[in-house]
Amino acid sequence: MNYSLRIAGQDMPVEAELSEQGSVNATIAGREVVARFRGISPNQIHLEVDGVGVNAFLADDPLGKLVNVGGTTYLVQDADDLARSGPRRRGLKELPQEVTPPMPSVVVRIMVGQGDPVEKGQGVVVVSAMKMETTLQAPFKGKVLKVNAAEGDKVMPGQILVDIEREAEEGKDTQ
Amino acid sequence: MFEKILIANRGEIAVRIIATCREMGIRTVAVYSEADRDALHVLEADQAVCLGPAEPMESYLNMDRIMAAARASGARAIHPGYGFLAENPAFAMRCEQEGVVFIGPPARAIRDLGDKTVARRTMIESGVPVIPGMMQPEADPDTLAREADRIGYPVLIKAAAGGGGKGMRVVHSPGDLAEAAVSASSEARSAFGNGAIYLEKYLEKPRHVEFQVLADAHGNVIHLLERECSIQRRHQKIIEETPSPALTPGLREEMGKAATAAAKAAGYVNAGTVEFLLDGQGKFYFLEVNTRLQVEHPVTEMITGIDLVRQQIEIAAGSPLRISQEDIVGRGHAIECRIYAEDPLSAFLPSSGKIHFVKEPKGPGIRTDSGVYSGYTVPMEYDPILSKLITHAQNRSECIQRMKRALKDYVILGVLTPIPFLVDILSSEAFEKGETYTDFIDTHFADWRPTLEGTDLAVLAYVVDTLANRTRRPSAFTAETQACSPWLTLGNFRP
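Chains as they are written, first to last, in the numbering used here: chain V, 43 to 217; chain Y, 1023 to 1517.
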């Protein structure tokens, strides 16, 4: 089987086949690996690579499989699945394009009202999760169309708290 | 002795207190909010009372409901744990008035020690060293220079109305004082509308060293040695250890004496912690007294063999201490790592959601104080501490090795934890050498990124799991838990 797997921000092409006797032959990003494996429990696989045993712990997550080896947990995703379902990807540094909390939170303060002009990066809503406050910023310059949350509301990632109409930046198309 | 104790807290500390109560044959009453119905402390207690909605003011901070739960369940004593109502003198007073024993110090001691100026005055009067400084603001350059000479260089100029570093200047020599004072004052004026400044001794590379004290209601006060808690992130301790690599036997004795003197001066009863800053010359300065059980109390328990919660309960019941200062001997070395639900790569943002799988490390000298289990959903309303991992070994270097091994054996799938960050701190040369100052993280780990050694193995495990068509019981992802998953919204790599 051929896979394209995404782990730690990289895509890795993987070719792998299982044999009847509990071994796996794989080529991971051009590196050949032969290993023996045993399923120990629904959440544990024991691997033996070059005669060295190692335990891997796995769980299903809505976005892929969580795999823990050597004290680090990785999210491993099938890049083909990702391309098919086409989820929005974004880097850590990139500003989100919507005013949505990064984690389940409670709205602490709303700093804009309908019709207010906002600058890019201006704080519009403060949310709190686990005793830590985070200020959500306007992703671009524009005008507030609608505020969809009230102070004290419990909000979830993906929920758009403030609709902002983007203003055309000078010398640029808005697309 | 009490027949039944109510624990006015949640999470790992409530579970830890229940354990000792059980060993003492005392029945336990847990209290919980609607968000905590399935929390471990609720499952572990003999009895559990729902306080109300998730918001702390409606539950764990609501004195009326907690007192009502104590009355209804017949509990004659309340253990407050740490946080929530643990250092609230009004709550301790309320317990006193309603005839319920508060397992902690008297309300008056909590109030006095909670007030920084009262605490500082109390310490000065009983000869405990405090950070030298001026008692009031001053504008006259000659007076400032005289004060700086008295305090001793380097000095720190601070804004009286200040905060957040504005109007602060470190001055190393008398020649720079006048100019720094003028610029600090003008910065303070533009930031706070008030240019008043004062001087304090500036401590270079201080360590945070605290002493555990126990005081009974009969005037006996002892200390249970120190804990060093210099490894902090945003003033939050993350790794604690005992003994401190910086203390000599002589200094330990001197600081221990100061700690017991501080407790005596404050009329302290029960377990408490006297915090000091220690500078590079072995001079130490009183910081504050924490009038409660500390998060990091297990390291003291490991090296002394004394159960601090049992001591707290016995003291609260009126028993005299059955141990004297001479009985206290530290054996070996202990380290604690706090395991928070947080993402070390995204500014340590909290990470709530469902824990699909947990495997705790085992072996000699390893202890986990945990409030989570496989299948538990971490609520977003409370402090993100999941558990504490504690190791004990013959000496510091073996203890570090043991902690690194235990951290790597600690598997938590579903929420993010700083385990890879903690492993890298413990592996660093600076930590191994004991160069642990309060600026440790900023100095050595400000730009930390994980080393990704296991990606090939993780990918291999993924394909084996997929190809062998291994099925796990379909986890019941409700719409909500799905939305809770941090994988949905944060970046690509997850440690």
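Using N, Cα and C, we set each Cβ at its ideal position, and we do this for glycine too.
Option nearest residue i by Cα separation, candidates the options
i         : options                                       : result
Y:Asn1417 : Y:Pro1383, Y:Met1079 and Y:Gly1456            : Y:Gly1456
V:Asp122  : V:Val111, V:Arg48, V:Glu207 and V:Gly184      : V:Arg48
Y:Val1317 : Y:Leu1028, Y:Glu1250, Y:Pro1154 and Y:Pro1228 : Y:Glu1250
Y:Thr1399 : Y:Glu1382, Y:Val1437 and Y:Asp1391            : Y:Val1437
Y:Met1085 : Y:Glu1209, Y:Met1115 and Y:Ala1356            : Y:Met1115
Y:Glu1160 : Y:Glu1222, Y:Ser1195, Y:Val1123 and Y:Ala1490 : Y:Glu1222
V:Val160  : V:Val204, V:Asp92 and V:Ala71                 : V:Val204
Y:Gly1375 : V:Gly184, V:Pro146, V:Ile70 and V:Lys196      : V:Pro146
Y:Thr1473 : V:Arg80, V:Pro199 and V:Gly112                : V:Gly112
Y:Asp1238 : Y:Ala1076, Y:Glu1147, Y:Ile1337 and Y:Ser1195 : Y:Ile1337
Y:Arg1172 : Y:Arg1211, Y:Leu1448 and Y:Gly1155            : Y:Gly1155
Y:Ser1346 : Y:Thr1139, Y:Ser1419, Y:Tyr1082 and Y:Ile1244 : Y:Ile1244
V:Gln63   : V:Ala71, V:Arg73 and V:Gly81                  : V:Gly81
Closer than 7 Å to chain Y by CB, residue i
i        : result
V:Thr114 : yes
V:Asp92  : no
V:Asp102 : yes
V:Asn85  : yes
V:Pro55  : no
V:Leu60  : yes
V:Lys107 : yes
Proximal residues of chain V, C-beta to C-beta of residue i below 9 Å
i         : result
Y:Lys1430 : Gly112, Gly113 and Thr114
Y:Asp1349 : Ordered by position in chain V, no residue passes the 9 Å Cβ test against Y:Asp1349, which lies about 39 Å from the chain.
Y:Ile1441 : Gly113, Thr114 and Thr115
CB contact below 7 Å: residue i versus chain V
i         : result
Y:Tyr1484 : yes
Y:Ala1091 : no
Y:Phe1214 : no
Y:Ala1036 : no
Y:Pro1366 : no
Y:Glu1025 : no
Y:Leu1474 : yes
Y:Ser1346 : no
Y:His1063 : no
Y:His1257 : no
Y:Phe1467 : no
Y:Ala1030 : no
Y:Pro1151 : no
Y:Val1317 : no
Nearest-angstrom beta carbon gap, residue j and residue i [assumed within contact, 8 Å]
i         : j         : result
Y:Gly1033 : Y:Gly1393 : 4 Å
Y:Pro1228 : Y:Tyr1459 : 6 Å
Y:Ala1293 : Y:Gln1334 : 5 Å
V:Val91   : V:Ala98   : At roughly 11 Å, the Cβ-Cβ gap does not stay under 8 Å, so V:Val91 and V:Ala98 are not in contact.
Y:Ile1048 : Y:Ile1027 : 5 Å
V:Val167  : V:Leu178  : 5 Å
Y:Arg1098 : Y:Phe1024 : 5 Å
V:Ile87   : Y:Ala1041 : No, V:Ile87 and Y:Ala1041 are not in contact; Cβ-Cβ is about 33 Å, not under 8 Å.
Environment of residue i [buried if 16+ CB atoms lie within 10 Å]
i         : result
Y:Glu1454 : exposed
Y:Arg1079 : A quick correction: the sequence has Met, not Arg, at residue 1079 of chain Y. Burial call: exposed.
V:Asn44   : exposed
Y:Gly1385 : exposed
V:Met54   : buried
Y:Glu1263 : buried
V:Gln119  : buried
V:Gln139  : exposed
Y:Pro1265 : buried
Y:Ala1052 : buried
Y:Pro1271 : exposed
Y:Arg1360 : buried
Y:Gly1105 : buried
V:Arg151  : exposed
Y:Leu1107 : buried
Y:Leu1435 : buried
Y:His1319 : buried
V:Thr114  : buried
Y:Asp1469 : exposed
V:Asn67   : exposed
Under 9 Å from the C-beta of residue i: neighbouring residues of chain Y
i        : result
V:Arg73  : Asp1478
V:Ala191 : The premise fails here: V:Ala191 is roughly 15 Å from chain Y at the closest Cβ pair, so nothing lies under 9 Å.
V:Ile202 : What V:Ile202 touches in chain Y: nothing, since even the nearest Cβ is about 13 Å away.
Near the ligand FAD: residue i beta-carbon under 6 Å from a heavy atom
i         : result
Y:Arg1044 : As presented, the structure is devoid of all ligands, the ligand FAD included, so that no description of it is given.
Chain-ordered chain Y contacts of residue i [CB-CB under 7 Å]
i       : result
V:Gly81 : Ala1490 and Arg1492
V:Ile49 : Thr1477, Ala1480 and Val1481
Chain Y residues whose Cβ lies nearer than 8 Å to that of residue i
i       : result
V:Val66 : Leu1482, Val1485, Val1486 and Leu1489
Where residue i meets chain V, residues with beta-carbon distance less than 8 Å
i         : result
Y:Gly1436 : Ala101, Asp103 and Leu108
Chain-ordered chain V contacts of residue i [CB-CB under 7 Å]
i         : result
Y:Leu1408 : By Cβ distance, chain V contributes nothing, its closest Cβ being about 11 Å from Y:Leu1408, past 7 Å.
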